[in-house]
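Only one structure is covered here, and it is reproduced in the block below.
Protein chains: 2
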Amino acid sequence: MIVTVLGSGANGGVPQWDCCCPNCSRARENPELRRTRSSVAVSLDGGQHVLIDATPDLKFQLEGVGLTPKPEEAEHGRQSRIDTVLITHGHGDHTVGIAEFSTGKSFEIPVHGPPDLMRFLFGSDDQSSFFGDLGRLARDYVVPHDLREGERLDLLDGLRVTGFEIDHTDGMEDGSCFPSSTYGYELEADGRRFVYTPDLGLLTEELLERVEGSDLFILDATFWW
Amino acid sequence: MIVTVLGSGANGGVPQWDCCCPNCSRARENPELRRTRSSVAVSLDGGQHVLIDATPDLKFQLEGVGLTPKPEEAEHGRQSRIDTVLITHGHGDHTVGIAEFSTGKSFEIPVHGPPDLMRFLFGSDDQSSFFGDLGRLARDYVVPHDLREGERLDLLDGLRVTGFEIDHTDGMEDGSCFPSSTYGYELEADGRRFVYTPDLGLLTEELLERVEGSDLFILDATFWW
Ligand SMILES: [Zn+2]
Ligand SMILES: [Zn+2]
Ligand SMILES: [Zn+2]
Ligand SMILES: [Zn+2]
Chain A
1 MIVTVLGSGA NGGVPQWDCC CPNCSRAREN PELRRTRSSV AVSLDGGQHV
51 LIDATPDLKF QLEGVGLTPK PEEAEHGRQS RIDTVLITHG HGDHTVGIAE
101 FSTGKSFEIP VHGPPDLMRF LFGSDDQSSF FGDLGRLARD YVVPHDLREG
151 ERLDLLDGLR VTGFEIDHTD GMEDGSCFPS STYGYELEAD GRRFVYTPDL
201 GLLTEELLER VEGSDLFILD ATFWW
Chain B
1 MIVTVLGSGA NGGVPQWDCC CPNCSRAREN PELRRTRSSV AVSLDGGQHV
51 LIDATPDLKF QLEGVGLTPK PEEAEHGRQS RIDTVLITHG HGDHTVGIAE
101 FSTGKSFEIP VHGPPDLMRF LFGSDDQSSF FGDLGRLARD YVVPHDLREG
151 ERLDLLDGLR VTGFEIDHTD GMEDGSCFPS STYGYELEAD GRRFVYTPDL
201 GLLTEELLER VEGSDLFILD ATFWW
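Protein chains in written order, with UniProt numbering: chain A, 1 to 225; chain B, 1 to 225.
Written out as structure tokens, the structure is:
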């Protein structure tokens with residue numbers, strides 16, 4: 001399993017657009033100190049990838065790591081190296097990159113996430129929504145799929161993925177989360193196990209048990225809204 | 001009037017994430033050939049700016065032209081050099097940058113656009129929406145305002161702005177546009193007049209009359225969805 005960290009920054013990245021603290025000022029001077037928003041791409045052979053979260057920086061991130069079409073494989077000059085997208089939750093820094101998939105060719109890329117997140121992003125029969133209303137985007141370019149907690153996805157050629165609920169987004173009185181619930185993702189291939197929880201409110205016993213014995217655990221506990 | 005072009009690319013920018021045509025391939029080799037998505041910033045003195053459209057590249061664009069906080073003016077290290085935002089229409093390449101305004105300090109930046117666009121982006125009492133549901137974003141960080149066609153806004157210290165409807169987004173049977181109607185913007189200051197129509201479906205007689213005698217006219221007629 002090849003895990004490529006596309007970004008590791010919180011909601012505003014570094015520098016933040018409105019900030020001139022020492023960290024942000026140094027990052028303006030020195031591009032090596034800049035950070036784009038949290039996302040990883042997972043592959044088994046470096047060819048096709050599973051993308052976790054679609055950040056505002058998605059296009060720059062894909063270019064930055066060379067996750068771009070291979071001329072020798074592209075049909076009519078177009079290729080998606082993204083096989084599948086998994087989204088953790090509805091906050092803007094994890095989702096607005098979905099709009100990037102609306103360029104020249106419709107790849108019908110599956111986008112998975114908790115059912116309430118899919119409804120928030122793409123709408124339903126009785127509720128319209130931003131990404132669902134961006135013309136052809138959710139009709140041809142991406143295909144939203146509800147992923148139930150614990151349901152297993154078989155991706156690429158031997159990558160098993162499950163989503164599990166974690167504590168991050170605001171809990172509401174009716175038991176729902178706002179703007180959506182949050183999944184962490186567990187990925188397994190070739191006897192290796194990777195747990196990814198980019199936004200985490202609470203490191204529970206249950207999560208610690210899941211992480212126990214994994215080969216890689218990436219978490220972040222910044223909380224801003 | 002100082003007009004800074006922040007980006008001049010269509011929906012996918014150059015290179016497009018999934019494209020290896022000669023143009024996109026050359027742009028991968030040579031960063032000078034890259035193009036970010038269409039947006040301009042208008043200022044009278046280079047200090048505070050009116051931003052037209054909020055692209056996925058907003059953060060990179062502001063950094064690229066140095067439209068960043070001035071340490072000597074920033075309070076507690078934070079400053080918004082964006083006084084007001086005008087949005088032309090609801091397509092993702094003109095709107096998703098709104099989520100950038102959700103960082104450290106709430107500046108309550110006014111965001112103006114056609115009433116149906118504001119409803120599409122921020123929702124209403126009976127309809128929820130993506131940006132309206134991003135927690136505090138539309139409560140404290142940006143403040144949506146319906147701008148009626150022809151209504152005059154007085155911004156900065158002597159910039160007069162009006163929005164006027166143009167043909168771009170899909171017309172629906174009921175007379176509405178999907179996902180929203182589209183405004184061009186006309187800006188005047190110090191006897192100079194600037195007309196901006198970044199996405200334009202039809203160069204009508206009415207628009208040609210408006211443009212007549214203006215000092216600057218920026219238009220684009222790429223159409224993709
Ligand atoms: Zn900072
Ligand atoms: Zn979050
Ligand atoms: Zn191309
Ligand atoms: Zn458009």
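Beta carbons: idealized from backbone N, C-alpha and C, even for Gly.
Query: Complete runs of the beta strand (DSSP E) confined to the segment 127–181 of chain B [at least 3 residues]; Result: 142–146, 152–155, 159–166
Query: Distance, A138 (chain B) Cα to R78 (chain B) Cα; Result: 19 Å
Query: Nearest-angstrom beta carbon gap, L51 (chain B) and S38 (chain B) [assumed within contact, 8 Å]; Result: Not a contact, Cβ separation roughly 12 Å.
Query: Cβ-heavy atom distance, P31 (chain B) to ligand 3, below 7 Å; Result: no
Query: Reference N115 (chain B), options B:R148, B:G64, B:G90, B:Y185, closest by Cα; Result: Reading the sequence as shown, one finds Pro at residue 115 (chain B) and not Asn. It is B:R148.
Query: Meets three-Cβ-pair contact criterion under 8 Å: the segment 16–33 of chain B and the segment 51–64 of chain A; Result: yes
Query: Cutoff 8 Å: Q48 (chain B) Cβ touching any chain A Cβ; Result: no
Query: Sequence-distant residues of its chain with Cβ nearer than 7 Å to residue 269 (chain B) (five each side left out); Result: This structure does not reach residue 269 (chain B), given that chain B is present from 1 up to 225, and the question cannot be answered.
Query: Segment limits, alpha helix (DSSP H) that includes L58 (chain B); Result: 58–64
Query: For R78 (chain A), the first and last residue of its enclosing alpha helix (DSSP H); Result: Unbroken run through R78 (chain A): none, as it is neither H nor E.
Query: Cutoff 8 Å: W225 (chain A) Cβ touching any chain B Cβ; Result: Its pLDDT being 40, under 50, W225 (chain A) is placed unreliably by the model, and nothing is read from it.
Query: Uninterrupted alpha helix (DSSP H) stretches inside the segment 22–56 of chain B (no shorter than 4 residues); Result: 22–29
Query: Proximal residues to L33 (chain B) (C-beta, below 6 Å), its chain only, five neighbours per side dropped; Result: R26, A27
Query: Selection from A:D170, A:G175, A:K59, A:E205 that minimises the alpha carbon distance to D199 (chain A); Result: A:D170
Query: H112 (chain B): first and last residue of the uninterrupted beta strand (DSSP E) it sits in; Result: 109–113
Query: beta-carbon Q16 (chain A) near ligand 1 non-hydrogen atom, thresh 7 Å; Result: yes
Query: Nearest residue (CA-CA) to G163 (chain B), options B:S8, B:F101, B:G7, B:H89; Result: B:H89
Query: Heavy atom of ligand 4 within 7 Å of D53 (chain B) beta-carbon; Result: no
Query: Rounded distance between the beta-carbons of G46 (chain A) and I2 (chain A), thought under 8 Å; Result: 6 Å
Query: Which listed residue (B:P22, B:D140, B:H49, B:L208) has its alpha carbon closest to that of V161 (chain B); Result: B:H49
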